[in-house]
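Residue numbers (the numbering used here), protein chains in the order written: chain V, 2 to 238; chain H, 3 to 339.
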Amino acid sequence: MKPPFPKCFKKETKPSKFCPGCGQSIILKMLGEVIDELGISSSVVYGCDIGCMLLSWDFFDLNTVQTHHGRTVPTLVGLKKANPEFVAIAYMGDGGAYAIGSQHFLAAAHRNDPITIIVANNTNYAMTGGQMAPTTFLGEKTTTTPQGRSFESEGKPMLGPELVRFINSDAYVARGSSLYPLKLKEYFKKAILHQTNRKSLAFVEVLSACPTNWRTDAKATIEFLKNLEKNYPLGEK
Amino acid sequence: MGNGVIVEAALAAGAEALFGYPITPTTEVLQFWAEKKAKNKKLIFMQAEDEMAAGFATIGACLAGKKAFNVTAGPGNVLAQDPFSMAEAMRIPIVVIIGQRGGPSTGTVIYSQQEVLLTTHGGNGEGFRIVFSPTNLQELYDFTIEAFNTAWTYFFPTFVLTDGYLCKEKSIVDLHKAQKVVKPKPIFEKGKVLNLRNCYDMEEEIYEKVEEISKEFNKIASRVVRFEEYKLADAKYIIFAHGSVAASCRVAVDILRQKKIKAGLFIPKTLSPFPENQIKKALLGKKKIFVVESSLGQFSMLVQSVVYGSSLPFFEYLKPALGIMPEEIVNFVKEHK
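Written as structure tokens, this is what we have:
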């Protein structure tokens, strides 16, 4: 028997447009289950950024808005200020959160805006064809770092959750992996309850498989994800 | 001052939220709104981290059904084209006040009319924006109220394009009650489902979307267009001007009339949609066309696109980022009449 889709999925847009093996299918399934279990589907506004996540603009049978690159956070901050009854969930990539939208991401973390931010970290810009991201690890080859990311010219990768923890002691901060869906679900649930109950920022980074741009088969994808944990330690921060 | 007039007008129009980033010459709008918010807890205010954030937060508040506005100028107007373009694509009724300052680049913090094309046609689109250009503080008040009503009636991003002179100017203004206040309609409602996007898969899809918005925009244009004709009926010389410069031109026309020179003035008060048909009619029987503006021809381009094909001699008095006095206009018309 196939496990059922979460109720908040929009069935007519399934199967999704994500590549086979993409971590986002797992991330969004866990998010969907949490939305179902908390019974909040009528009050969620889900915002998705540019990059592969824009393919999720009609993934859910919820109020959703696809924004511009890096601008999902300020859009949802404005929405939340206008109507605090909404549960605002911003879903972004590592480029949107840590590069082009980093000022909004950091400002929201600093202000402790009561929204939930989920960032998929797949160590590259996947939609545009595997360029370097702020999260590309040292030595990792991408289409714009063909020799591998070097500390001398590109610097060290960005550690989003650690940074947010440093500037905001009230936020909920965690890093999970698409390799451990149930743990991820636990983080998402806490991250949404933190927004609704504590009126504080909640942020979960997710190490997300990208077999297309990693050029990995199933086994190598799992190994790649496991290896990432050395650079990006999992757990609540 | 003008920036206070903007806040009073926004309140009269039922605005509830302002998102902005301090930038001269519009900063006091933020300050006055913050003072109002201190007395009225229902009002929403956020000093954002930059103009992009302010614009996108304005969009977010509109999605939640609040009448929200944004105020910026010059380089801030450049940055905010990112959210303005999204509002244009998704028909979000944001209201934006622009206080033009000298450009290019950081330019001056004082005055210009150089943000005409940026405000009417900025962004990677087709300029589906409604843009009012008031000539004095009373019109700044009236058009700011009208901007909120227009935005929430037709769901196009709506701008009040003013300038640093009007933002800082003081004069007597009738802060009357709004005759009409259009109620905001939440775009996202609890318990309903709406999936919004601005990114399309195929050329045909975006083509159809642009055609659809274009049709809607053209349909409402005649209801939205505003203009003023000043002493035009028997005029030989027709002057085109907008904003503060148009106020100067009114005085110039009076002086020219005293000198028995038959000058008249056409003032577009919406730069988008532009009063094309009204301008074509106004040209009938005229001998010469004059355009006066504080830019090197941005407004003139709008006029030229309408008078294209006319054989009337065309004269431009262009002073980028400089104010223009009535005497200069009088002398220019006298020289070329």
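By construction, the Cβ of each residue, glycine as well, lies at the ideal position given by its N, Cα and C atoms.
Terminal residues of the alpha helix (DSSP H) in which residue i lies
{"i": "Glu213 (chain H)", "result": "205 to 226"}
{"i": "Tyr156 (chain H)", "result": "139 to 156"}
{"i": "Leu314 (chain H)", "result": "No alpha helix (DSSP H) holds Leu314 (chain H); DSSP gives it neither H nor E."}
{"i": "Glu171 (chain H)", "result": "Per DSSP, Glu171 (chain H) belongs to no alpha helix (DSSP H) and is neither H nor E."}
{"i": "Arg131 (chain H)", "result": "Element bounds for Arg131 (chain H): n/a, residue is neither H nor E."}
{"i": "Ser246 (chain H)", "result": "245 to 260"}
{"i": "Met88 (chain H)", "result": "83 to 92"}
{"i": "Tyr188 (chain V)", "result": "182 to 199"}
{"i": "Leu32 (chain V)", "result": "24 to 39"}
{"i": "Gln280 (chain H)", "result": "278 to 284"}
{"i": "Val97 (chain H)", "result": "Looking at the DSSP string, Val97 (chain H) is not in any alpha helix (DSSP H); the run it does join, the beta strand (DSSP E), is 97 to 102."}
Neighbour-count burial assignment, residue i, 16 or more Cβ in a 10 Å radius
{"i": "Ser209 (chain V)", "result": "buried"}
{"i": "Met204 (chain H)", "result": "exposed"}
{"i": "Glu282 (chain H)", "result": "Reading the sequence as shown, one finds Lys at residue 282 (chain H) and not Glu. Result: exposed."}
{"i": "Ser44 (chain V)", "result": "buried"}
{"i": "Pro40 (chain V)", "result": "The question names Pro, but residue 40 (chain V) in the sequence shown is Gly. By the neighbour-count rule (16 or more Cβ atoms within 10 Å), Gly40 (chain V) is not buried but exposed."}
{"i": "Gln102 (chain H)", "result": "buried"}
{"i": "Ala203 (chain V)", "result": "buried"}
{"i": "Asn333 (chain H)", "result": "exposed"}
{"i": "Gly96 (chain V)", "result": "buried"}
{"i": "Gly287 (chain H)", "result": "exposed"}
{"i": "Thr108 (chain H)", "result": "exposed"}
{"i": "Ala121 (chain V)", "result": "buried"}
{"i": "Arg228 (chain H)", "result": "buried"}
{"i": "Lys238 (chain V)", "result": "buried"}
{"i": "Phe189 (chain V)", "result": "buried"}
{"i": "Phe34 (chain H)", "result": "buried"}
{"i": "Ser353 (chain H)", "result": "Because residue 353 (chain H) is not part of the residues shown, which for chain H are 3 to 339, the question remains open."}
{"i": "Arg252 (chain H)", "result": "buried"}
{"i": "Tyr319 (chain H)", "result": "buried"}
{"i": "Leu183 (chain V)", "result": "exposed"}
{"i": "Tyr126 (chain V)", "result": "buried"}
{"i": "Phe145 (chain H)", "result": "buried"}
Test item: CB-CB of residue i and residue j under 7 angstroms
{"i": "Thr213 (chain V)", "j": "Cys20 (chain V)", "result": "yes"}
{"i": "Gly266 (chain H)", "j": "Ala248 (chain H)", "result": "no"}
{"i": "Lys8 (chain V)", "j": "Phe61 (chain V)", "result": "no"}
{"i": "Glu337 (chain H)", "j": "Ala108 (chain V)", "result": "no"}
{"i": "Gly131 (chain V)", "j": "Thr144 (chain V)", "result": "yes"}
{"i": "Ala243 (chain H)", "j": "Val294 (chain H)", "result": "yes"}
{"i": "Ile96 (chain H)", "j": "Thr60 (chain H)", "result": "yes"}
{"i": "Ala15 (chain H)", "j": "Ile147 (chain H)", "result": "yes"}
{"i": "Ile36 (chain V)", "j": "Ser179 (chain V)", "result": "no"}
{"i": "Leu56 (chain V)", "j": "Gln67 (chain V)", "result": "no"}
{"i": "Thr164 (chain H)", "j": "Leu142 (chain H)", "result": "yes"}
{"i": "Gly105 (chain H)", "j": "Gly76 (chain H)", "result": "yes"}
{"i": "Ala55 (chain H)", "j": "Pro75 (chain V)", "result": "yes"}
{"i": "Gly78 (chain H)", "j": "Ile8 (chain H)", "result": "no"}
{"i": "Asp50 (chain V)", "j": "Thr73 (chain V)", "result": "yes"}
{"i": "Ile101 (chain V)", "j": "His69 (chain V)", "result": "no"}
{"i": "Gln91 (chain H)", "j": "Asn200 (chain H)", "result": "According to the sequence provided, residue 91 (chain H) is Ala. The question's Gln does not apply to it. Yes, these two residues count as a Cβ contact at 7 angstroms."}
Where the beta strand (DSSP E) through residue i begins and ends
{"i": "Gly22 (chain H)", "result": "19 to 22"}
{"i": "Asp165 (chain H)", "result": "160 to 165"}
{"i": "Arg176 (chain V)", "result": "173 to 178"}
{"i": "Cys49 (chain V)", "result": "45 to 49"}
{"i": "Pro270 (chain H)", "result": "265 to 270"}
{"i": "Asn1 (chain V)", "result": "An answer regarding residue 1 (chain V) cannot be provided, because it is not within the stretch 2 to 238 covered by chain V."}
{"i": "Leu45 (chain H)", "result": "Taken as a continuous stretch (DSSP letters only), Leu45 (chain H) belongs to no beta strand (DSSP E), as it is neither H nor E."}
{"i": "Met93 (chain V)", "result": "88 to 94"}
{"i": "Glu206 (chain V)", "result": "203 to 208"}
{"i": "Asn232 (chain V)", "result": "It is not in any beta strand (DSSP E) - Asn232 (chain V) instead sits in the alpha helix (DSSP H) that spans 219 to 232."}
Contacts that residue i makes with chain C (C-beta to C-beta distance below 8 angstroms)
{"i": "Asp84 (chain H)", "result": "Among the protein chains in the structure shown, which are V and H, there is no chain C."}
Any non-hydrogen atom of the ligand HEM within 6 angstroms of residue i CB
{"i": "Glu231 (chain H)", "result": "The model on display carries no ligand, and the ligand HEM is accordingly not part of it."}
I want to know whether the segment 4 to 23 of chain H touches the segment 38 to 46 of chain H - three or more CB-CB distances under 8 angstroms. Result yes; three or more Cβ-Cβ pairs closer than 8 angstroms.
State whether the segment 188 to 199 of chain H contacts the segment 115 to 134 of chain H, with contact taken as three or more CB pairs (one from each stretch) at a distance under 8 angstroms. These segments do not touch.
Using a Cβ-Cβ cutoff of 9 angstroms, what residues of the segment 73 to 89 of chain V are near chain H? List them in chain order. Correct list: Thr73, Val74, Pro75, Thr76, Leu77, Val78, Gly79, Leu80, Lys81, Lys82, Ala83, Asn84, Glu86, Phe87, Ala89.
Residues from the segment 160 to 177 of chain V in contact with chain H, defined by Cβ distance under 8 angstroms: Those would be none; no residue qualifies.
Check whether the segment 211 to 229 of chain V touches the segment 141 to 158 of chain H, counting contact only when three or more Cβ pairs, one atom from each stretch, lie closer than 8 angstroms. no
Could you say if the segment 307 to 317 of chain H and the segment 163 to 176 of chain H meet the contact criterion of at least three C-beta pairs nearer than 8 angstroms? no
How about the segment 109 to 122 of chain V and the segment 166 to 174 of chain V: do they share at least three Cβ pairs that are nearer than 8 angstroms? yes
For the pair the segment 110 to 126 of chain H and the segment 206 to 221 of chain H, tell me if three or more CB-CB distances fall below 8 angstroms. no
If you pair each beta-carbon of the segment 109 to 118 of chain H with each one of the segment 322 to 336 of chain H, do three or more pairs fall below 8 angstroms? yes
With three or more beta-carbon pairs closer than 8 angstroms as the criterion, would you say the segment 72 to 83 of chain V touches the segment 67 to 86 of chain H? yes
Okay, do the segment 134 to 145 of chain H and the segment 80 to 91 of chain H touch, 3+ Cβ pairs below 8 angstroms being the bar? Short answer: they don't touch.
Contact list for the segment 50 to 62 of chain H against chain V, Cβ threshold 9 angstroms: Ala50, Glu51, Asp52, Met54, Ala55, Ala56, Gly57, Phe58, Ala59, Thr60, Ile61, Gly62
Give me the subset of the segment 18 to 32 of chain H whose CB atoms are less than 7 angstroms from a CB atom of chain V, sorted by chain position. Ala19, Phe21
Taking Cβ-Cβ distances below 7 angstroms as the criterion, which residues of the segment 190 to 217 of chain V are in contact with chain H? If the cut-off is 7 angstroms between Cβ atoms, the segment 190 to 217 of chain V has nothing near chain H.
Closer than 7 angstroms, Cβ to Cβ, to anything on chain H: give me those residues from the segment 92 to 126 of chain V, in chain order. Gln104, His105, Ala108
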